[in-house]
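The structure under discussion appears below in the form of structure tokens.
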Amino acid sequence: MSTATLEKSPSANNLTPISVANPAPAAGRVTASKTKAMLVGFDLGTNKSCVLAGPPTGTDILVSKVVPTVVGYVKDGIVDGIIAGNAQTIFGEDALRNMLHVRLVAPVAEGVIIDHGAARDFLQHLRGLVDPAGTSEIRTVIGVPANAGPQAREDIRRCAYGIFDRVLLIPEPFLAALGFRDDSRVSQPNYLDPVVNSLFVDIGGGTSDLCLVQGCFPTSKDQISIPFAGDAIDELLHQELDRVYPNNGLSRLKIREIKEAHGYVGPSRKPLEVKVIMGGKAHTIEMGDTIARACNTLIDKIYPALTTLIERAPSDSVLTLLQNIVITGGGSQIKGIDAVLQKKLADDGYEAPKVKLAGQDYKRYVAIGALKAARAARENQWQVLLG
Amino acid sequence: MQLTVEPVLLNQSLSNSPASTSAWHDVVRVCRRICILRERGQGEEAERLRTTELADLIAARTAAGDEREVATRLEAIFAAEEERVANAAVVAELLLPLLTQELRAGFPLSLGRGSATAAVHSEGSHVGASAPPQAQAPTDIAGFIDQMIAQDDDVFRRAS
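Order-wise, the sequence lines are chains A and B. Sequential numbering from 1 applies to the first sequence in my numbering. Sequential numbering from 1001 applies to the second sequence in my numbering.
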């Protein structure tokens, strides 16, 4: 990823409503110079964001990036040349690599924007990835958590104002289903189209979103969002390690790495020895029970929501639905999560449930669905941000 | 809401000189603003206007005429303006949803949904406004988006 050279604009942290009569500098406003249109599917995740971009017609994807959702503001006094291009603001992997030299800001927590200035800087950066020359009209479909309320949506629009020309906010689990759908197989009689009848479990960093998708756009009753996901598991792991190894000095990023490498659910697996550096010395610690406790908490949280949605499904659809339970998002990489959920459902008497993992593209399904939606949206469905 | 009808001056027995008529027009305008503020629930601002601008105007009128007649005329003006503003509010309540739909149908910009950053659907009409959130299964992605917009509109209508 190239180093960003965007500087923080004076208006980046300005939260006052933007006047229509006095619009902000027109990064995203349609002007005569914008001769090209580009559509963007955008998954603004708590820890990682995915952006896909392509032309309005066809299926080409010209830009595909997964970027850690983090902004680094370079600290005062950093010697020239330490940060590439002497940038004042850097993003994603660049920011993480230079964490000693920057103030790291995560714009999103539990799926919603918590730092508007950083979020605007981040969106501006992503726009730059999609349209480096700044000459295209950019329309974007942005995924929002299943339970995103009016304020959360408003915050996204506020941050997108002046950066994207038109936007459409669509719940993430539905986009995940749309992204997961294999369009080439939709007409095949034996294909279980996830958009027609499925239950999506999208386990992200901040929230776990569950959604019934049954041929109509899901209503609020079809969706459940739980503020327990990858970050909460990290927190549990961190607490337990702090209890057993006080002053271990392990960063949250290191904890996340351990989870991503060793996370699993189900019965305790031992030995599970993990090598960590504490106080400059290598230690090998047994983490089988610790990881099991933290990760199994996720099962305890999402299973009741899963059964709640299954029971809300119409009775004549439920048998097919049980064959099409899909886990996606970073949480789908926790070993055994599909098998454990499937076994719990079977043990509770649900008829021949089948829980499957979305697969290796789990980071991109929401953005893929968003780009599909962007290409299918009619002109009158796009939203214009007036400020 | 901005009212554009001409003020009606009551009790014309008081001085009808051009200067006096103009001064009573000012009283009527201030009374109307007070009534509008009360209608909007901005009681404090209405009271501030009553005790400052209106009080000054009435003091000038009282100095130029009979105090009791001024009070009677003021009472009549308030009664007329209160009724006018109340009627206007009812009309606005009835017209607003219709205008919103009309604007959506034929104009690129609709109302801002009470949002600080007004987000509006761009052009043409969508099935939204009166469509139930759960209509028949759509056949394409745009149909899903129509359903989503209809749901959003429904939530907005309930909230407003």
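All C-beta atoms in this analysis are idealised placements derived from N, C-alpha and C, irrespective of residue type, glycine included.
- Item | chain B contacts from the region 351-362 of chain A (Cβ-Cβ distance under 8 Å) | Hits within the stretch: zero.
- What are the residues of the region 37-50 of chain A that lie near chain B, defined by any Cβ-Cβ distance shorter than 9 Å? Residues of the region 37-50 of chain A with a C-beta atom less than 9 Å from some C-beta of chain B do not occur.
- Message: Can you pull out the residues from the region 271-285 of chain A whose beta carbon lies closer than 8 Å to at least one beta carbon of chain B?
- Response: Considering only beta carbons, no part of the region 271-285 of chain A lies closer than 8 Å to chain B.
- So which residues of chain A does A1071(B) contact, with C-beta pairs closer than 8 Å? The residue given as residue 1071(B) occupies position 71 in the second sequence. Chain A residues near A1071(B): none, gap ~43 Å exceeds 8 Å.
- Message: Taking only three categories from DSSP, how would you classify S208(A)?
- Response: Stepping through the first sequence from its first residue, residue 208(A) is reached at position 208. S208(A) sits in a strand when the DSSP states are folded into three classes.
- Message: Quick check: is the beta carbon of D1153(B) nearer than 9 Å to any beta carbon in chain A?
- Response: Along the second sequence, read from residue 1 onward, the residue named residue 1153(B) stands at position 153. Not an interface residue.
- Query: Going by beta carbon distance, what residues of the same chain come within less than 7 Å of V213(A), once the five residues before and after it are set aside?
  - Reply: Position 213 of the first sequence, counted from the first residue, corresponds to residue 213(A). For V213(A), where only same-chain residues beyond five positions count, the Cβ hits under 7 Å are F174, A177, P194, V195, S198, F200.
- Query: DSSP on F164(A), reduced to helix/strand/coil?
  - Reply: Locating residue 164(A) in the first sequence gives position 164, counting from the first residue. DSSP places F164(A) in strand when its eight states are reduced to three.
- Task: Count the other CB atoms, across all protein chains shown, that sit within 10 Å of the CB of A292(A); report buried if there are 16 or more and exposed otherwise.
- Result: Working through the first sequence from its first residue, we reach residue 292(A) at position 292. Looking at its Cβ environment, which holds 16 or more other Cβ atoms inside 10 Å, A292(A) is buried.
- Message: Can you look up A373(A) in the DSSP assignment and give me helix, strand or coil?
- Response: Position 373 of the first sequence, counting from 1, holds the residue named residue 373(A). A373(A) falls in the helix class under three-state DSSP.
- Short Cβ contact (9 Å threshold) for L44(A) with V141(A): Translated into the one-based positions of the first sequence, residue 44(A) becomes position 44. Translated into the one-based positions of the first sequence, residue 141(A) becomes position 141. For L44(A) and V141(A), no; Cβs fall outside 9 Å.
- In this structure, does DSSP put D361(A) in helix, strand or coil? As a first step, residue 361(A) must be located in the first sequence, where it is residue number 361. Under the three-state reduction of DSSP output, D361(A) falls in the coil class, being neither helix nor strand.
- How about E1078(B): is its C-beta nearer than 9 Å to some C-beta of chain A? By 1-based counting over the second sequence, the position of residue 1078(B) is 78. Contrary to the premise, residue 1078(B) reads as Phe rather than Glu in this sequence. No - not a single Cβ of chain A is within 9 Å of the one on F1078(B).
- Item | Closer than 8 Å at the beta carbon, the chain B residues around R120(A) | Position 120 of the first sequence, counting from 1, holds the residue named residue 120(A). Here the premise fails: no neighbours, minimum Cβ distance about 12 Å.
- Give the DSSP-derived three-state secondary structure of H283(A) in the structure shown. Here residue 283(A) corresponds to residue number 283 of the first sequence, with the count starting at 1. Strand at H283(A).
- Is there a Cβ from chain B that is less than 9 Å from the Cβ of R378(A)? As a first step, residue 378(A) is located in the first sequence; it is residue number 378 there, counting from the start. Taking Cβ atoms only, chain B reaches closer than 9 Å to R378(A), which makes this a yes.
- For the beta strand (DSSP E) that contains Q383(A), what are its first and last residues? Here residue 383(A) refers to the residue found at position 383 of the first sequence. Q383(A): member of the beta strand (DSSP E) spanning 383-385, first to last residue.
- Task: Pull up the distance between the alpha-carbon of Q323(A) and that of A352(A), whole angstroms please.
- Result: For the purposes of this step, residue 323(A) is taken as the residue at position 323 of the first sequence. For the purposes of this step, residue 352(A) is taken as the residue at position 352 of the first sequence. Approximately 7 Å between the Cα atoms of the pair.
- Does any CB atom of chain A fall closer than 9 Å to the CB of D1066(B)? Residue 1066(B) sits at position 66 when you count from the first residue of the second sequence. No, D1066(B) does not count as interfacial toward chain A.
- Message: Counting C-beta neighbours from all protein chains within 10 Å, is the total for R157(A) 16 or more, i.e. buried, or is it exposed?
- Response: On the first sequence, residue 157(A) is found 157 positions in, with the first residue counted as 1. The residue is buried, with at least 16 neighbouring Cβ atoms inside 10 Å.
- Query: Is the shortest distance between the beta-carbon of L212(A) and the beta-carbons of chain B less than 9 Å?
  - Reply: Counting from one through the first sequence, the residue named residue 212(A) turns up at place 212. Not an interface residue.
- Message: To be precise: take each residue of the region 212-233 of chain A, compare its Cβ to all Cβ atoms of chain D, and keep it if any distance is under 7 Å. Which residues remain?
- Response: This model lacks chain D altogether; the protein chains it does include are A and B.
- Can you find a CB in chain B that lies within less than 9 Å of the CB of A367(A)? By one-based count along the first sequence, residue 367(A) stands at place 367. It does not: the Cβ of A367(A) has no partner Cβ on chain B nearer than 9 Å.
- Task: Inspect the beta-carbon positions of F180(A) and T59(A) and report whether they are closer than 9 Å.
- Result: What you label residue 180(A) is simply residue 180 of the first sequence in a count that begins at 1. What you label residue 59(A) is simply residue 59 of the first sequence in a count that begins at 1. 9 Å or more divides the Cβ of F180(A) from the Cβ of T59(A).
- Message: Residues in the same chain with beta-carbon distance under 6 Å from E1198(B), minus the five sequence neighbours each way, listed in chain order, please.
- Response: The displayed coordinates of chain B run from 1001 to 1160. Any statement about residue 1198(B) would go beyond what the structure contains.
- For V991(B), which residues from the same chain have a beta carbon less than 6 Å from its beta carbon, with the 5 sequence-adjacent residues on both sides left out? Chain B is shown from 1001 up to 1160; residue 991(B) falls before or after that span and cannot be answered.
- Task: For I1149(B), return the contacting residues in chain A, with the cut-off set at a CB-CB distance below 8 Å.
- Result: Looking up residue 1149(B) in the second sequence gives position 149. The contacting residues are Q381.
- Message: Considering only DSSP beta bridges, list what G179(A) is partnered with.
- Response: To locate residue 179(A), count along the first sequence from 1; it is residue 179. Bridge partners of G179(A) according to DSSP: none are assigned.
- Query: What is the DSSP secondary structure of M38(A), reduced to helix, strand or coil?
  - Reply: As a first step, residue 38(A) is located in the first sequence; it is residue number 38 there, counting from the start. M38(A) falls in the strand class under three-state DSSP.
- E1067(B) to F1078(B) span [Cα, whole Å]: In the second sequence, residue 1067(B) corresponds to position 67, counting from 1. In the second sequence, residue 1078(B) corresponds to position 78, counting from 1. Cα atoms of E1067(B) and F1078(B): separation of roughly 16 Å, rounded to the nearest angstrom.
- Is the beta carbon of T290(A) less than 9 Å from the beta carbon of L237(A)? The sequence position of residue 290(A) within the first sequence is 290, counting from 1. The sequence position of residue 237(A) within the first sequence is 237, counting from 1. Contact check for T290(A) against L237(A) passes: the beta carbons are separated by less than 9 Å.
- Task: Assess, as a yes-or-no matter, whether the region 60-70 of chain A is touched by the region 90-100 of chain A under the definition of 3 or more beta carbon pairs within less than 8 Å.
- Result: Yes, since at least three Cβ pairs between the region 90-100 of chain A and the region 60-70 of chain A fall closer than 8 Å, the two stretches touch.
- Message: So that I know if they touch, is there some Cβ in chain B lying closer than 9 Å to that of F200(A)?
- Response: Locating residue 200(A) in the first sequence gives position 200, where the first residue counts as 1. With 9 Å as the cut-off, F200(A) does not count as an interface residue toward chain B.
- Query: Using DSSP with H/G/I as helix, E/B as strand and the rest coil, what is F1078(B)?
  - Reply: Along the second sequence, read from residue 1 onward, the residue named residue 1078(B) stands at position 78. Three-state DSSP puts F1078(B) in a helix.
- For I1145(B), return the contacting residues in chain A, with the cut-off set at a CB-CB distance below 8 Å. Numbered from its first residue, the second sequence carries residue 1145(B) at position 145. Those within 8 Å of I1145(B) in chain A are L168, I170, F217, A373, A376, A377, R378, Q381.
- Could you check if E1081(B) is buried or exposed, using at least 16 other CB atoms within 10 Å of its CB as the buried criterion? Numbered from 1 along the second sequence, position 81 holds the residue referred to as residue 1081(B). So E1081(B) ends up on the buried side.
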